[in-house]
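Those sequence lines, one after another, are chains A and B. To convert, count from 1 in the first sequence and add 6; that's the numbering used here. To convert, count from 1 in the second sequence and add 76; that's the numbering used here. From the three backbone atoms N, C-alpha and C, an ideal C-beta is built for every residue, glycine too. Note sheet for the following structure.
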Amino acid sequence: DAKTTQPNSMESNEEEPVHLPCNHSTISGTDYIHWYRQLPSQGPEYVIHGLTSNVNNRMASLAIAEDRKSSTLILHRATLRDAAVYYCILRLTRASYDKVIFGPGTSLSVIP
Amino acid sequence: DGGITQSPKYLFRKEGQNVTLSCEQNLNHDAMYWYRQDPGQGLRLIYYSQIVNDFQKGDIAEGYSVSREKKESFPLTVTSAQKNPTAFYLCASSTRQQGRDTEAFFGQGTRLTVV
Chain A
7 DAKTTQPNSM
17 ESNEEEPVHL
27 PCNHSTISGT
37 DYIHWYRQLP
47 SQGPEYVIHG
57 LTSNVNNRMA
67 SLAIAEDRKS
77 STLILHRATL
87 RDAAVYYCIL
97 RLTRASYDKV
107 IFGPGTSLSV
117 IP
Chain B
77 DGGITQSPKY
87 LFRKEGQNVT
97 LSCEQNLNHD
107 AMYWYRQDPG
117 QGLRLIYYSQ
127 IVNDFQKGDI
137 AEGYSVSREK
147 KESFPLTVTS
157 AQKNPTAFYL
167 CASSTRQQGR
177 DTEAFFGQGT
187 RLTVV
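Set out below in C-alpha cells:
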C-alpha cells in the first residue's frame, strides 16, 4: 500500500502563510490525496483533496507536484485555530478495495 | 442535519469483557471505516466496509469484529482477545460521486478505557 511521509512538527507565526509538505512517492494513478486536521480528543476534519490539479477552497490550497510524488498544503494566513495535527492521506480506490490510509501527521503550532 | 454519530463518547470495560461501539451515519455513504488512535499517534485502520454485508480487515484487525447489516450502521466489537484495547476509536464514512472522490466524514470518537 502507498504510504505518506510528513515532518513530525512545524511552527508558524500567526497571520503568516504555512506550507505543510507531504511525500507519497509510491502513489498510483488513481489514488486521491486528502488532507485532514485533528484537534485533541476530536475526530479529524476534512480540509481539502485533489487528484492531479492544484485545488483551492475556503480553508486552504493544495499544490500537487507534476509527478504526483509530493504535495503541499498551503494555509494562506495561519490563525491560532489552525493549530492542529494535519494528516496527509492517500485514498486507495482500486478495483478490489477502497480504504483510507493515514500517515503520521504533522503537528502545527501557531505562535501569536 | 446529515452526519456520523458515535456512541457512547466514553466507555469503560472490565478486562475479559466484550464491548460494542456504535457508529451510525445518515449521509447515504457506501463506505465506512473504523480507526484506532493511541495517545500522540496517528490513526490506524481496524476494519472497513465498502458495501452492506461486506467488510475487510485493516492493518490491526486482531481482537476486533464488525458487522454491516445496514448501510447506516457499522458497529465495532472489541473482544476479550484484544490485549490492549484502551484507546480512542474513530468511525468514518465516505462515498464517490460520479466516479469522483469526495471527503470522508468522521465521528467525534469513543474513548474506551479498560479498568
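Excluding the 5 residues flanking it on each side, His105 of chain B has same chain C-beta neighbours closer than 7 Å at Ser169, Ser170 and Thr171, in chain order. Residues of chain A whose Cβ lies closer than 9 Å to the Cβ of Leu121 of chain B are, in chain order, Lys105, Val106, Ile107 and Phe108.
Neighbours of Leu188 of chain B across chain A, judged by C-beta separation under 9 Å, do not exist; the nearest C-beta is about 13 Å away. With the criterion set as a beta carbon lying under 9 Å from some beta carbon of chain A, the members of the segment 83-114 of chain B are Asp106, Ala107, Tyr109, Tyr111 and Gln113, in sequence order. With fewer than 16 neighbouring CB atoms inside 10 Å of its own CB, Val191 of chain B falls in the exposed class.
Residue-level contact check: Gly35 of chain A does not touch chain B, since none of the beta carbons of chain B fall below 8 Å from its beta carbon.
For His55 of chain A, at least one C-beta of chain B is nearer than 8 Å to its own C-beta. Residues of the segment 38-50 of chain A with a C-beta atom less than 8 Å from some C-beta of chain B are Tyr38, His40, Tyr42, Ser47, Gln48, Gly49 and Pro50, listed in chain order. When the Cα atoms are used, Glu20 of chain A and Val116 of chain A turn out to be separated by approximately 6 Å. DSSP places Arg74 of chain A in the coil class of the three-state scheme, outside both helix and strand. In the DSSP assignment, Asn29 of chain A falls within the beta strand (DSSP E) that extends over Val24 to Asn29.
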